[in-house]
Amino acid sequence: MDLGPLRQRDFALLFFAGLISLTGNWVLGIALPVAVLGLTGSPAAVATVVAASLLGTIAASTVAGVYVDRWDRRRVVVVANVLQVFALLPLLLVDDAERVWIVVAVAFTSQALAQFFQPAENALLPRLVDADRLPAANALNTLNNNLARLVGPALGGVIAVSSGLAGAALVDAATFAIAAALCGLIRGTHRAVVEPGTEPERHLVRELAEGLRAVGRNRIVRAIFVIIAVSSVGEGMMGTLFAVYVTKALHAGGRELGWLMSAQAVGGIIGSLAATRVTARFRPVPLIATCWTFFGVVDVVIFNYPRWDGAFWPVLALFVVVGLPVGIHLGAIWTLFQIETPDRLRGRAFSAIWMGASIASVIGAGIAGALGDRVDVITLLTVQGVGCVVAGLTFRWLAGPGPASLVRAEPAAVPTQAAV
670 MDLGPLRQRD
680 FALLFFAGLI
690 SLTGNWVLGI
700 ALPVAVLGLT
710 GSPAAVATVV
720 AASLLGTIAA
730 STVAGVYVDR
740 WDRRRVVVVA
750 NVLQVFALLP
760 LLLVDDAERV
770 WIVVAVAFTS
780 QALAQFFQPA
790 ENALLPRLVD
800 ADRLPAANAL
810 NTLNNNLARL
820 VGPALGGVIA
830 VSSGLAGAAL
840 VDAATFAIAA
850 ALCGLIRGTH
860 RAVVEPGTEP
870 ERHLVRELAE
880 GLRAVGRNRI
890 VRAIFVIIAV
900 SSVGEGMMGT
910 LFAVYVTKAL
920 HAGGRELGWL
930 MSAQAVGGII
940 GSLAATRVTA
950 RFRPVPLIAT
960 CWTFFGVVDV
970 VIFNYPRWDG
980 AFWPVLALFV
990 VVGLPVGIHL
1000 GAIWTLFQIE
1010 TPDRLRGRAF
1020 SAIWMGASIA
1030 SVIGAGIAGA
1040 LGDRVDVITL
1050 LTVQGVGCVV
1060 AGLTFRWLAG
1070 PGPASLVRAE
1080 PAAVPTQAAV
């Protein structure tokens, strides 16, 4: 793996800020549903918290990209992390079922704030590395996500048992505070670059429309929107049915569920480590399409395995395998997005893609909820796997040949010096 971007100070600050805060998110993500279920005894209460998170995502992503493209992206990531600290503190008051409404409010607010951070980070990253290091930087970001996914759930389970929701909330808040401090050390200002002779819009509706047009007009960005939306329907189904699959199809429990999550993270880490070398050898569009298709095929094998045998270890091994293409293609797809989208529109275009993904996830969860009692879980999750195969093939068709490589033609912008 190319670790060169980590030698560039400002990217390293963003990288470690993300690793720390993502780990904290996984800690709380594991502890929170356990605490809500323990306080209420109601799966419906947990579902309400999940729904609030999705609503926060959809509501904020509608406009967040506009302001990310207006404001200094560095300030956005700093302020978003600081506000997350204060947004999580009300969880310290939750000690009985009557106060679970606080969890719902926090879930909505925290996810809404994340919709400002994510497009700002995606738009900021290309400004912090040399042009030829951009694919490696995005591969490192993917590694970040998988490392957090490997460490965070295990830590979250321990904290949930020892310190409960309050302890997990304090850990997550502390990670956001550290991330804010690290991002605050990034040098310079990083406003969107406006092309010479053009005046930036300052009208919310017109700016939103311009961002949507940026997605619709560019063949590759449009294909990225479609592949993520289609696969997100499957992710919504997976999020709803995965625990059912583990308990009913595999006849396992919470311990094994955790093992499977960690196994996929291990595969993702291996894929991320190989990503820079792989993406340098193949054209990005066929590579992404192949990874997505392979992921779907392995998913179909995983979910149908209980029809053939009852041993658990082959499923565990397959989860490592299914993580490999994820580790490779995620960095590639976001690099492709960054080089195909003008800097001044990156926040809005990213938010449009993420909003589409969130709506698609709600649709997937709704499908799973509506059919879960009438169709067996193996069949439903097989549909999810086939959907990923279809998404990969569709992306190849929609995107066309694409660029020969993931190296940008334009140099990274040089920031001007300023303090927060």
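For the sequence shown, our numbering gives the first residue as 670, with consecutive numbering after it.
From the three backbone atoms N, C-alpha and C, an ideal C-beta is built for every residue, glycine too.
Remember, it's a predicted structure, so these values are computed and weren't measured experimentally.
With a 10 Å radius around the Cβ and a threshold of 16 neighbouring Cβ atoms, residue 920 comes out exposed. Look at the beta carbons and you see the stretch 715-723 not touching the stretch 829-837: under three pairs across the two are nearer than 8 Å. Restricted to the stretch 962-1020, the alpha helix (DSSP H) segments that are unbroken, complete and at least 4 residues in length are 982-1009, listed in chain order. Proximity of the stretch 1023-1042 to the stretch 737-754 falls short of the contact definition, fewer than three beta-carbon pairs being nearer than 8 Å. Between the alpha carbons of residue 822 and residue 811 lies a gap of roughly 17 Å. If the five residues before and after residue 778 are omitted, its C-beta is found closer than 7 Å to the C-beta atoms of 725 and 756, all from its own chain and listed in chain order.
By alpha-carbon distance to residue 769, the top candidate from 711, 736, 739 and 794 is 711. Taking C-beta separations shorter than 7 Å and ignoring five residues to either side along the sequence, the partners of residue 844 in its chain run 689, 690, 692 and 693, following chain order. Rounded to whole angstroms, residue 929 and residue 759 show a C-alpha spacing of 32 Å. Taken atom to atom, the span from the alpha-carbon of residue 737 to that of residue 815 is near 26 Å.
Boundaries of the alpha helix (DSSP H) around residue 790: 769-793. About 4 Å separates the beta carbons of residue 932 and residue 988, which is inside the 8 Å limit, making them a contact pair.
In this structure, 1024 is the residue among 1024, 799, 680 and 854 with its C-alpha nearest to the C-alpha of residue 880. When the beta-carbon positions are compared, residue 1002 and residue 894 stay at least 8 Å from each other. DSSP places residue 877 in the uninterrupted alpha helix (DSSP H) bounded by 873-886. When the five nearest sequence neighbours on each side are left out, the beta carbons in the same chain lying within less than 6 Å of the beta carbon of residue 677 are those of 798, in order along the chain. Of the candidates 995, 1029, 1014 and 917, 1029 places its Cα closest to the Cα of residue 899. A residue is called buried once 16 or more other Cβ atoms fall within 10 Å of its Cβ, and residue 961 is buried on that count. Secondary structure note for residue 753: its alpha helix (DSSP H) is the uninterrupted segment 742-757. As the crow flies, the alpha-carbon of residue 683 is around 15 Å from that of residue 783. When rounded, the separation of the alpha-carbon atoms in residue 813 and residue 706 is 30 Å. Between residue 1017 and residue 790, the gap from beta carbon to beta carbon reaches 8 Å or more. Counted as a single uninterrupted DSSP element, the alpha helix (DSSP H) harbouring residue 831 occupies residues 803-831. In the displayed model, residue 798 falls within coil according to three-state DSSP, outside both helix and strand. Note on residue 1043: under 16 other CB atoms within 10 angstroms of its CB, so exposed under the neighbour-count rule. Restricting attention to 993, 794 and 907, the CA atom closest to the CA of residue 1048 is found in 907.
For residue 1064, the three-state secondary structure derived from DSSP is helix. For residue 706, the enclosing alpha helix (DSSP H) stretches over residues 678-709.
Within the same chain, Cβ atoms closer than 6 Å to the Cβ of residue 896 are found at 1060 and 1064, the five residues on either side in sequence being excluded.
DSSP places residue 1072 outside both helix and strand once states are collapsed to three, so it counts as coil.
Annotation: residue 672 to residue 945 spans about 10 Å, alpha carbon to alpha carbon. Around residue 1009, the same chain offers 887, 889 and 890 as residues with beta carbons nearer than 7 Å, after the five sequence neighbours per side are excluded.
Between residue 941 and the set 727, 795 and 805, the nearest pair of CA atoms involves 805.
Rounded to whole angstroms, the gap between the alpha carbons of residue 982 and residue 1000 is 29 Å.
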